[in-house]
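Undergrad: Residue numbers (our numbering): 1 to 297.
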C-alpha cells in the first residue's frame, strides 16, 4: 500500500487536527482541510515557534471531486454522524481512514459511514489545546501509535520527516486500553472542575487509583496485557504534569459542548457488565458525566 506523497484530507481542524495539519504543511504536504467553520488560517504554537497553515478551511463537501488516499478524522466521537457527507465524498475503496479519537471503539463507530474503506485506529500521545484566539498550543512533541498493519504504512508515508512521530505496535489493544485508562481517570476533572493539579491531593489520588484498578480489570478482560503498576504510573504522570494542564473533556464541559463520556468512561461500565465485572466507581462516575453532557437541567 506504499504511496509516495499520498493525497491527504483532514476533517476537523481542532487541537489535534491543527497539529497534524501543521506538521504536514511544515514539510510541504499541506492536506485538504475540512470543518464546520471557514477559518482563514490555522496556527500551531509551541515552545520556540509557531506554524501557520493558510486557509480557508473548506466547509462544503460538495466541493470534493475525487476520493483521496488518506483521511484523518480529528473530530470528537460525538460528531461522527455530522461528518458523514465529507466521508462519503472523500472515501473510496482504497482510502485509508485514520481515526484520531479517544477510546477503543473507533472502527465500530466509523464503519457505518465509510462504505468499506479500511479504518485505522490511532492513539494520540500529545497534549494540544485551543486558545481563546483560536490558535492551538502544543505542549509536547506530537506522537501517534498505530497498529502494525499494511494500512498504517499509508500514514507513515504521509508523516515521514515531519515533527509528528509515528510508532507501530504489534499489541495495539494493550496500548489503546492504557490510553483509555488515562482518559477515563482524567474525566474526574470534569466532576471537580479542576485541572491536573488536583491529583496532588491524597484523597483524589486514592479515588483515582481505585477507579483505575477497576478500569484495569475490564481492560484485561478485553485482552489488554497491562501490569498492576499501570494505575500508579498514570497517577504519577498527572502529578508530574503542569498544575494547569487540562483535558479535552474538561474543555468541552467549560464550553458547554457534548462530552465524550461514553467512549472514555461509559465503555468501562458497558464492557464490565458484558464480562460480569462489578464497576461500582463507574456506576457513579458515568451517570454524573452523562448528566453533565446531556442534561436535563
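Cβ coordinates follow ideal geometry from the N, Cα and C atoms, glycine included.
So what does DSSP say about residue 50, is it helix, strand or coil?
TA: Strand, per DSSP.
Undergrad: When you compare only the Cα positions, how much space is there between residue 1 and residue 256?
TA: Its pLDDT being 44, under 50, residue 1 is placed unreliably in this model, and the coordinates cannot settle the point.
Undergrad: For residue 300, count neighbouring C-beta atoms within 10 Å of its own C-beta (all shown protein chains included) and say buried if the count is 16 or more, exposed if not.
TA: Outside the shown range of the chain (1 to 297) lies residue 300, about which nothing can therefore be said.
Undergrad: In terms of residue numbering, what span does the alpha helix (DSSP H) encompassing residue 279 cover?
TA: Taken as a continuous stretch (DSSP letters only), residue 279 belongs to no alpha helix (DSSP H), as it is neither H nor E.
Undergrad: Counting C-beta neighbours from all protein chains within 10 Å, is the total for residue 157 16 or more, i.e. buried, or is it exposed?
TA: By the 10 Å Cβ count, residue 157 comes out buried.
Undergrad: Please work out which residues of its chain come closer than 6 Å, Cβ to Cβ, to residue 135, disregarding the five sequence neighbours upstream and downstream, and give them in chain order.
TA: Same-chain partners within the cutoff: 43 and 45.
Undergrad: Candidates 205, 104 and 217: which alpha carbon is nearest residue 77's?
TA: The shortest Cα separation from residue 77 among 205, 104 and 217 belongs to 104.
Undergrad: Measure the Cβ-Cβ separation of residue 117 and residue 91 and say whether it is below 7 Å.
TA: The answer is yes: Cβ separation under 7 Å.
Undergrad: With the cut-off set at 7 Å, would you say residue 253 and residue 187 are in Cβ contact?
TA: No, the Cβ-Cβ distance between residue 253 and residue 187 is not below 7 Å.
Undergrad: Can you round the beta-carbon distance between residue 74 and residue 100 to whole angstroms, since I take them to be within the 8 Å contact cut?
TA: With a Cβ gap of about 5 Å, residue 74 and residue 100 count as contacting.
Undergrad: Residues bridged to residue 34 by DSSP?
TA: Paired residue(s): 11 and 58.
Undergrad: Across the segment 14-29 and the segment 147-161, are there enough close Cβ pairs to call them in contact, namely three or more that are closer than 8 Å?
TA: Flag = yes, the segment 14-29 and the segment 147-161 touch.
Undergrad: Residue 167 bridges to which residues according to DSSP?
TA: Per DSSP, 145.
Undergrad: Out of 11, 287 and 218, state which residue places its alpha-carbon closest to the alpha-carbon of residue 85.
TA: For residue 85, the nearest C-alpha among the options comes from 11.
Undergrad: Leaving out the 5 sequence neighbours to the left and right, which residues in its chain are closer than 8 Å to residue 288 when beta-carbon positions are compared?
TA: So the qualifying residues of the chain are 191.
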